[in-house]
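Counting in the numbering used here, the sequence shown runs from 397 upward without gaps.
Positions of the beta carbon are idealized from the N, C-alpha and C atoms, including for glycine.
As the structure is a computational prediction, the values presented were derived from the model and not from experiment.
Scroll down for the structure; my scribbles are underneath it.
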Amino acid sequence: MVSELPERVVRDIVARALAEDVGPGDLTTLATIDADAQCQASVEARAGGVIAGIPVARHAFLAVDSQIAFDALVHDGDGVSAGRDVAQLAGSTRAVLTAERTALNFLQRLSGIATLTRAYVEAVTGTSARIVDTRKTAPGLRLLDKYAVRMGGGSNHRVGLFDGILIKDNHLRAAGGVSEAVRRARAAAHHLVRVEVEVQTLDEVEEAIEARADAVLLDNMELTDVREAVGLVAGRCEVEVSGGVTLDTVRELAECGVDYISVGALTHSAPALDLALEIADD
Numbered sequence: 397m398v399s400e401l402p403e404r405v406v407r408d409i410v411a412r413a414l415a416e417d418v419g420p421g422d423l424t425t426l427a428t429i430d431a432d433a434q435c436q437a438s439v440e441a442r443a444g445g446v447i448a449g450i451p452v453a454r455h456a457f458l459a460v461d462s463q464i465a466f467d468a469l470v471h472d473g474d475g476v477s478a479g480r481d482v483a484q485l486a487g488s489t490r491a492v493l494t495a496e497r498t499a500l501n502f503l504q505r506l507s508g509i510a511t512l513t514r515a516y517v518e519a520v521t522g523t524s525a526r527i528v529d530t531r532k533t534a535p536g537l538r539l540l541d542k543y544a545v546r547m548g549g550g551s552n553h554r555v556g557l558f559d560g561i562l563i564k565d566n567h568l569r570a571a572g573g574v575s576e577a578v579r580r581a582r583a584a585a586h587h588l589v590r591v592e593v594e595v596q597t598l599d600e601v602e603e604a605i606e607a608r609a610d611a612v613l614l615d616n617m618e619l620t621d622v623r624e625a626v627g628l629v630a631g632r633c634e635v636e637v638s639g640g641v642t643l644d645t646v647r648e649l650a651e652c653g654v655d656y657i658s659v660g661a662l663t664h665s666a667p668a669l670d671l672a673l674e675i676a677d678d
């Protein structure tokens with residue numbers, strides 16, 4: 397679970413983002429703003445949502461100028477309404493303007509992910525299903541994206557290929573089917589590694605259980621088949637459902653009794669939360 401952001405990770409990601417945006421210098425700001433100019437500014441939510449990425453935004457400003465005063469007015473995971481200030485800043489006008497876009501890019505993206513995740517989590521309230529993410533994240537930003545899911549109340553699936561076995565359809569074709577793929581995974585993995593296998597039919601569900609899979613992933617199954625699969629499993633392993641899940645369908649899937657619902661859209665299609673930085677008038 398990515399419930400905290402390691403400082404080293406944040407530092408490296410922000411450094412790359414600033415290098416990409418600022419390069420050898422912010423031409424506009426250097427040309428129009430006096431070197432000794434100071435300002436006060438605020439970051440405002442222009443739409444309601446769930447905030448995530450405050451530590452990343454803070455680091456973006458401080459990486460440009462460590463003397464900037466950054467005061468967070470909310471915490472990651474907090475819900476905000478439109479018009480709410482989420483942070484206040486004071487310091488060099490040049491530095492604030494140079495860091496503005498990089499800081500907002502992170503804050504808007506992560507808050508968008510957290511906001512969409514919260515909507516899915518609230519949609520399944522009262523069921524046993526947990527909303528989980530996938531590996532469909534922005535390249536280089538996986539820990540940030542998964543952190544944002546956690547701030548929205550969701551749970552993390554695998555961080556990468558290194559911390560869990562999920563046997564997908566192409567693995568099954570190449571390995572010779574469900575039983576053989578699970579057998580080989582069991583033989584290769586140590587006892588703490590969870591073995592999950594993607595299945596598309598009820599016969600494959602039974603085959604996976606007999607092969608001692610820890611979990612089955614029901615891929616793009618019809619609702620009636622999901623219900624039947626849950627009954628067939630009867631608690632012998634965990635059940636995850638995935639594939640084309642939307643806010644309109646997630647409740648019905650949860651009520652089938654599945655353990656997990658994975659939603660790729662949380663990280664690949666979440667709209668950015670509208671946030672803006674405004675410099676105060678003198």
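The closest CA to that of ASN552, considering only ILE563, VAL593, ILE509 and LEU493, is found on ILE509.
Taking ARG454 as the centre and dropping the five residues before and after it, the same chain places the C-beta of PHE466 closer than 6 Å to its C-beta, in chain order. Secondary structure at GLU496: helix, using DSSP grouped into helix, strand and coil.
Counting C-beta atoms within 10 angstroms of its own C-beta, SER658 has 16 or more neighbours from the protein chains shown and is therefore classed as buried. Take the alpha-carbon of ALA661 and the one of LYS532: they are about 8 Å apart.
DSSP lists LEU562 and ALA611 as the bridge partner or partners of GLU592.
Of GLN596, ALA604 and GLU648, the smallest CA-CA separation from ALA581 is found for ALA604. Between ARG579 and the set VAL595, ASN566 and GLU606, the nearest pair of CA atoms involves GLU606. ASP430 is not bridged by DSSP to any residue. Inclusion of LEU539 and LEU673 in the CB contact set at 9 Å is not warranted, their separation being larger than that value. Pairwise C-beta distances place the stretch 442 to 461 in contact with the stretch 508 to 522, as three or more of them are shorter than 8 Å. Put simply, of ASP565, VAL622 and SER399 the residue whose alpha carbon is nearest the alpha carbon of VAL637 is VAL622. Around the beta carbon of LEU414, 16 or more other beta carbons lie within 10 angstroms, which makes this residue buried. Taking the C-beta atoms as reference points, VAL406 is found no nearer than 9 Å to ALA499. If only complete runs of 3 or more residues are kept, the stretch 449 to 513 shows the beta strand (DSSP E) at 465 to 468 and 481 to 488, in order along the chain.
In the three-state scheme derived from DSSP, where H, G and I count as helix and E and B as strand, GLY627 is classed as helix.
DSSP places VAL635 inside the beta strand (DSSP E), whose first and last residues are 634 to 638. Looking at the DSSP output, VAL446 bridges to GLY475. By the beta-carbon neighbour count (other beta carbons within 10 angstroms, threshold 16), LEU423 is exposed. Here the C-alpha atom of ILE409 lies approximately 32 Å from the C-alpha atom of ALA585. Beta-carbon to beta-carbon, ASP610 and VAL635 are separated by about 11 Å, too far to satisfy the 8 Å threshold. Sorting ALA544, ALA668 and THR530 by C-alpha distance to the C-alpha of GLY640 places THR530 at the top. For VAL460 against ALA495, the beta-carbon gap comes to about 4 Å, under 8 Å, which counts as contact.
Taking C-beta atoms as the reference points, GLN596 and ASP565 count as a pair closer than 9 Å.
Residues of the same chain with a CB within less than 6 Å of the CB of ALA433, apart from the 5 flanking positions on each side, are THR489 in chain order.
The DSSP-derived three-state label of ALA441 is strand. In the structure shown, ARG554 adopts coil according to DSSP, grouped into three states. Beta bridge pairing from DSSP links GLU674 with SER438.
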